[in-house]
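Undergrad: Before we start, here is the structure in question, set down as structure tokens.
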Amino acid sequence: MSIGIKHNSIARGGGALSSSLPCRIKKHRYSKRMLRTSLQCWVFLIPVSVGMVVFAATPIFMSLFFSFTNYNGAFISQIGLFNFKRLFDFSSVAGERFLNSMRVTFIYVIANMAFCTVLSYALALFLHRKMKGIGVVRLLFYLPCLIPGFISGFIYMAIFRYSASGTTGLINTWLLNLGLPQATFFSAKSTAIPTLVFTSVFGLGGGMIMLLAAFSNIPPTLYEAARLDGAGYFKQLFHITIPLSTPIVFYNLVTSLIAGLQTFGTYAAYGTGPEEEFNFMAVEIYRMAFSYHNYGLACAEAYLLFVIVGLLSIIMFKFSGWVHYGDD
Amino acid sequence: MTTDFYTCSTQLISSSRRKARKTALDYIVKYAVALLLLCVVLLPVAFMLFQSVMSYPESSGLEMHLFPHSFQPSNYKIILDYLSQLGNTLLVVAINAFFIPLTACITAFPFARAKFIGKKVAFAIILATVMVPASVLQIPTYTMYATVGLTGKLASLWIQSFFGGGALNIFLVIQFMRTLPKELDEAALIDGASLFRIFAVIIMPLVFNVFVYICINTVIAQWMDFQGPLMYLATGSEKSYTLALKFYVDYTNSTYLSDHYNEMMAMVVCMSLPPVALFLVFQQRMIGGIKIGGLKD
Chain A
0 MSIGIKHNSI
10 ARGGGALSSS
20 LPCRIKKHRY
30 SKRMLRTSLQ
40 CWVFLIPVSV
50 GMVVFAATPI
60 FMSLFFSFTN
70 YNGAFISQIG
80 LFNFKRLFDF
90 SSVAGERFLN
100 SMRVTFIYVI
110 ANMAFCTVLS
120 YALALFLHRK
130 MKGIGVVRLL
140 FYLPCLIPGF
150 ISGFIYMAIF
160 RYSASGTTGL
170 INTWLLNLGL
180 PQATFFSAKS
190 TAIPTLVFTS
200 VFGLGGGMIM
210 LLAAFSNIPP
220 TLYEAARLDG
230 AGYFKQLFHI
240 TIPLSTPIVF
250 YNLVTSLIAG
260 LQTFGTYAAY
270 GTGPEEEFNF
280 MAVEIYRMAF
290 SYHNYGLACA
300 EAYLLFVIVG
310 LLSIIMFKFS
320 GWVHYGDD
Chain Z
0 MTTDFYTCST
10 QLISSSRRKA
20 RKTALDYIVK
30 YAVALLLLCV
40 VLLPVAFMLF
50 QSVMSYPESS
60 GLEMHLFPHS
70 FQPSNYKIIL
80 DYLSQLGNTL
90 LVVAINAFFI
100 PLTACITAFP
110 FARAKFIGKK
120 VAFAIILATV
130 MVPASVLQIP
140 TYTMYATVGL
150 TGKLASLWIQ
160 SFFGGGALNI
170 FLVIQFMRTL
180 PKELDEAALI
190 DGASLFRIFA
200 VIIMPLVFNV
210 FVYICINTVI
220 AQWMDFQGPL
230 MYLATGSEKS
240 YTLALKFYVD
250 YTNSTYLSDH
260 YNEMMAMVVC
270 MSLPPVALFL
280 VFQQRMIGGI
290 KIGGLKD
């Protein structure tokens with residue numbers, strides 16, 4: 000392999016030279032050793048290649064095909080653009096549902112990203128200090144993240160339960176004991192998403208742990224130099240800590256955007272929420288396919304989600320000028 | 000001169016005392032804030048633990064409260080109703096937790112340690128799959144499974160683990176393998192070892208840490224996976240459900256069960272235990288995995 004690499008680099012150097020010369024030397028062919036290495040390498044890639052063809056490429060094209068049909072799990076009788084026409088006609092039932100699911104998904108994703116980013120950053124800053132027992136404190140903050148997301152919904156449902164008559168949840172009982180009126184939390188359209196965003200408080204430990212790792216990678220010499228120059232806590236924060244941790248913040252933002260657009264776990268405990276307020280896009284697609292057996296329409300919705308995820312990711316990377324990457 | 004020295008030193012002492020008092024106050028405030036925040040964040044954990052030992056009238060009474068007045072650990076007997084589903088879940092988790100990291104390592108090896116024809120294109124294709132939402136894949140995958148008769152069978156949850164292990168895991172292993180010194184495989188090549196031998200004998204033992212990291216992450220993710228079982232298994236018989244699916248079906252469909260908060264929370268505690276235990280045992284590795292780029296040991 001080492002010889003193969005050397006050979007290749009020489010060939011590349013030759014190529015650069017030849018392109019500057021008027022007469023072109025015939026393009027370099029791969030050496031025997033390179034071919035043999037490649038063959039061996041592709042043997043390693045057999046499993047992933049099969050996986051890519053069977054579990055990625057095939058479904059992607061099948062899904063694209065289904066989105067132009069009225070496939071219902073058994074047969075196809077119509078081919079055309081009608082699914083997309085229905086989805087973009089917001090006065091139709093399907094279009095209205097789709098518009099609603101996009102609306103709630105975007106509100107939830109944006110609110111949740113802002114809420115989690117700010118609070119987990121503040122929490123990480125607060126815990127980024129030398130204190131006795133800080134390790135245990137950090138661990139305890141991380142503990143709720145280890146409760147699987149799918150069942151934590153059932154816990155929140157009980158804590159935030161609202162009932163005009165009958166068993167009320169823990170928080171509402173506390174409110175009543177304080178002489179305050181009950182809050183509707185998950186039971187009313189207007190408070191459902193704010194409550195769901197608030198429950199992210201219990202999952203702040205995940206972002207915090209990544210940020211703490213980023214903070215500990217900042218060379219302490221920077222802080223020493225800043226202190227010698229007389230910089231206070233806030234100067235150090237705004238000129239060292241925040242700029243040098245932007246890559247991990249950006250990573251968190253991108254992953255939480257992609258994950259947030261595909262929120263499905265809420266379906267277990269909350270279903271579709273009050274007045275379809277938790278009918279997020281992944282939930283809508285699932286129901287369209289498996290409850291209404293309209294696979295074609297579901298695939299069309301999935302493809303629109305695909306386009307949205309792609310566009311938003313590209314936009315985020317385009318506007319990532321604020322992210323500070325080190326020189327190395 | 001001496002008086003000067005005296006005042007100077009008393010000033011010093013008093014200022015250091017003031018400083019000590021200030022830092023002590025500082026400490027108290029910081030611990031108090033930390034404690035207060037912990038009370039908020041740990042509320043769900045405390046709630047599930049306390050509810051799980053309450054008696055039925057207490058947990059489902061009109062007024063919910065946090066601290067239990069009764070102690071009824073027999074709620075935990077509910078796990079006995081879930082034993083066959085527990086077995087199914089363990090089987091699925093075990094297969095995934097072994098083969099996902101393994102195939103991720105196999106796939107990552109040529110990308111990290113060799114040059115070959117088509118490397119850039121192959122890498123770009125693998126990374127591009129991160130962008131594809133699961134929703135796009137799930138309906139065709141379901142129809143494919145239905146035609147080969149995999150729906151309703153546990154195999155539908157582990158069959159994919161043999162084919163690549165996911166782009167993000169592959170990427171993680173590549174990053175890690177790149178940090179290993181090049182001299183290792185060069186020396187082996189000179190001795191006439193093939194790439195397969197280098198992978199199995201030299202590289203695999205060295206990436207053991209990252210193998211374990213992916214393994215534990217897979218266990219945590221698969222243990223309570225909800226979407227997969229709901230789609231592929233829900234149409235089958237209850238015998239082949241996973242724990243998460245049976246819990247979901249039981250506690251959203253029947254009013255009796257969803258009213259029994261004490262038993263439900265006992266079940267929730269049981270289902271939360273494995274991830275917590277795994278994390279506590281492998282804590283150092285898990286946190287190390289986050290900064291894997293700089294990991295050197």
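Chains as they are written, first to last, in numbering that gives the first Met the number 0: chain A, 0 to 327; chain Z, 0 to 296.
Even for Gly, the Cβ is constructed at its ideal location relative to N, Cα and C.
Taking Z/Thr178 as the query, report the chain A residues whose CB atoms sit under 9 Å from its CB, ordered along the chain.
TA: As a first step, residue 178 of chain Z is located in the second sequence; it is residue number 179 there, counting from the start. Near Z/Thr178 there are no residues of chain A at all, since even the closest Cβ is about 14 Å away, more than 9 Å.
Undergrad: Identify whether Z/Thr150 lies in helix, strand or coil by the three-state DSSP scheme.
TA: Taking the second sequence and counting its residues from 1, the one referred to as residue 150 of chain Z is at position 151. The three-state reading of DSSP puts Z/Thr150 in coil, since its state is none of H, G, I, E or B.
Undergrad: What's the C-alpha gap between A/Trp41 and Z/Gln174?
TA: By one-based count along the first sequence, residue 41 of chain A stands at place 42. By one-based count along the second sequence, residue 174 of chain Z stands at place 175. Approximately 19 Å, taken between the alpha carbons.
Undergrad: Tell me whether A/Arg226 is buried or exposed, calling it buried when 16 or more other Cβ atoms sit within 10 Å of its Cβ.
TA: By 1-based counting over the first sequence, the position of residue 226 of chain A is 227. Burial call: exposed.
Undergrad: Are there 16 or more other CB atoms within 10 angstroms of the CB of A/Leu310, so buried, or fewer, so exposed?
TA: Numbered from 1 along the first sequence, position 311 holds the residue referred to as residue 310 of chain A. By the C-beta density criterion, A/Leu310 is exposed, having fewer than 16 other C-beta atoms within 10 angstroms.
Undergrad: How would you list, in chain order, the residues of chain Z whose beta-carbon sits under 9 Å from the beta-carbon of A/Ile75?
TA: Numbered from 1 along the first sequence, position 76 holds the residue referred to as residue 75 of chain A. Ordered by position in chain Z, no residue passes the 9 Å Cβ test against A/Ile75, which lies about 11 Å from the chain.
Undergrad: Just to confirm my understanding: we take A/Phe277, look at its own chain, exclude 5 residues before and 5 after, and list those with CB closer than 6 Å. What are they?
TA: Walking along the first sequence from the start, residue 277 of chain A turns up at place 278. Annotation for A/Phe277: Thr265, Tyr269, Thr271 place their beta carbon closer than 6 Å to its own, counting only its chain and skipping 5 residues before and after.
Undergrad: Take A/Ser1 and list the residues in its own chain whose beta-carbon comes closer than 8 Å to its own, dropping the five residues that flank it on each side.
TA: In the first sequence, residue 1 of chain A corresponds to position 2, counting from 1. Reliability fails at A/Ser1, whose pLDDT of 38 lies under 50, so the model's placement of it is uncertain and no value is given.
Undergrad: State the DSSP-derived secondary structure class of Z/Ile116, mapped to helix, strand or coil.
TA: Against the second sequence, residue 116 of chain Z aligns to sequence position 117. Reduced to three states, the DSSP call for Z/Ile116 is coil.
Undergrad: When burial is assigned at 16 or more other CB atoms within 10 Å of the CB, is Z/Gly191 buried or exposed?
TA: Here the question's residue 191 of chain Z lines up with position 192 in the second sequence. Result: exposed.
Undergrad: Measuring CA to CA, which of Z/Tyr212, Z/Val280, Z/Leu136, Z/Asn261 is closest to A/Tyr302?
TA: Here the question's residue 302 of chain A lines up with position 303 in the first sequence. Out of Z/Tyr212, Z/Val280, Z/Leu136, Z/Asn261, Z/Leu136 has the C-alpha closest to the C-alpha of A/Tyr302.
Undergrad: Would you kindly work out how many angstroms separate the C-alpha atoms of Z/Leu34 and Z/Val280, rounded to a whole number?
TA: Locating residue 34 of chain Z in the second sequence gives position 35, where the first residue counts as 1. Locating residue 280 of chain Z in the second sequence gives position 281, where the first residue counts as 1. The C-alpha of Z/Leu34 lies about 24 Å from the C-alpha of Z/Val280.
Undergrad: Report all residues from its chain with a CB closer than 7 Å to the CB of Z/Met285; omit the five preceding and five following residues, and keep chain order.
TA: Your numbering for residue 285 of chain Z matches position 286 in the second sequence. Around Z/Met285: Tyr212, Ile215, Phe278.
Undergrad: Based on DSSP bridge pairs, tell me the residues matched to A/Thr68.
TA: For the purposes of this step, residue 68 of chain A is identified with residue 69 of the first sequence, where counting begins at 1. Answer by DSSP bridge pairing, in chain order: A/Ile78.
Undergrad: What in chain Z is Cβ-close to A/Tyr294, meaning under 7 Å?
TA: For the purposes of this step, residue 294 of chain A is taken as residue 295 along the first sequence, with counting starting at 1. Neighbours of A/Tyr294 on chain Z, chain order: Ile138.
Undergrad: Under 8 Å between C-beta atoms, does A/Ala123 make it to chain Z?
TA: Here residue 123 of chain A refers to the residue found at position 124 when the first sequence is read from its first residue. No, no contact with chain Z.
Undergrad: Does the Cβ of Z/Cys38 have 16 or more other Cβ atoms within 10 Å, making it buried, or fewer, making it exposed?
TA: On the second sequence, residue 38 of chain Z is found 39 positions in, with the first residue counted as 1. With fewer than 16 other Cβ atoms within 10 Å, it is exposed.
Undergrad: What residues from chain A crowd round Z/Gln159, counting only those whose CB sits closer than 8 Å?
TA: Within the second sequence, numbered from 1, the residue matching residue 159 of chain Z stands at position 160. When 8 Å is used as the limit between beta carbons, Z/Gln159 is near these residues of chain A: Gly50, Phe54, in chain order.
Undergrad: Contact between the region 116–128 of chain A and the region 98–108 of chain A is defined here as three or more beta-carbon pairs at a separation below 8 Å; is this criterion met?
TA: no
Undergrad: Please list the segments of the alpha helix (DSSP H) lying wholly inside the region 142–221 of chain Z, counting only runs of 4 or more residues, in order along the chain.
TA: Entirely contained in the region 142–221 of chain Z, the alpha helix (DSSP H) runs reaching 4 residues are, in chain order, 154–157, 166–177, 182–189.
Undergrad: Grab me the residues of A/Ala299's own chain with a C-beta within less than 7 Å of its C-beta, minus the 5 sequence neighbours each way, in chain order.
TA: Stepping through the first sequence from its first residue, residue 299 of chain A is reached at position 300. Within the same chain, A/Ala299 has close Cβ partners Ser66, Asn82, Phe83, Leu86.
Undergrad: Using a Cβ-Cβ cut-off of less than 8 Å, give me the residues of the region 40–52 of chain Z that come near chain A, in sequence order.
TA: Flagged, chain order: Val40, Leu41, Leu42, Pro43, Val44, Phe46, Met47, Gln50.
Undergrad: Check whether the region 75–85 of chain Z touches the region 93–113 of chain Z, taking contact to mean three or more Cβ pairs, one atom from each stretch, closer than 8 Å.
TA: no
Undergrad: What is the DSSP secondary structure of A/Met130, reduced to helix, strand or coil?
TA: Against the first sequence, residue 130 of chain A aligns to sequence position 131. In this structure, A/Met130 counts as coil in the three-state DSSP scheme.
Undergrad: With a threshold of 7 Å on Cβ separation, who are the neighbours of Z/Ile94 within its own chain once the five nearest residues in sequence on each side are excluded?
TA: On the second sequence, position 95 is the one that residue 94 of chain Z refers to. Once the five neighbours on either side are set aside, the close Cβ partners of Z/Ile94 are Trp157, Ser160.
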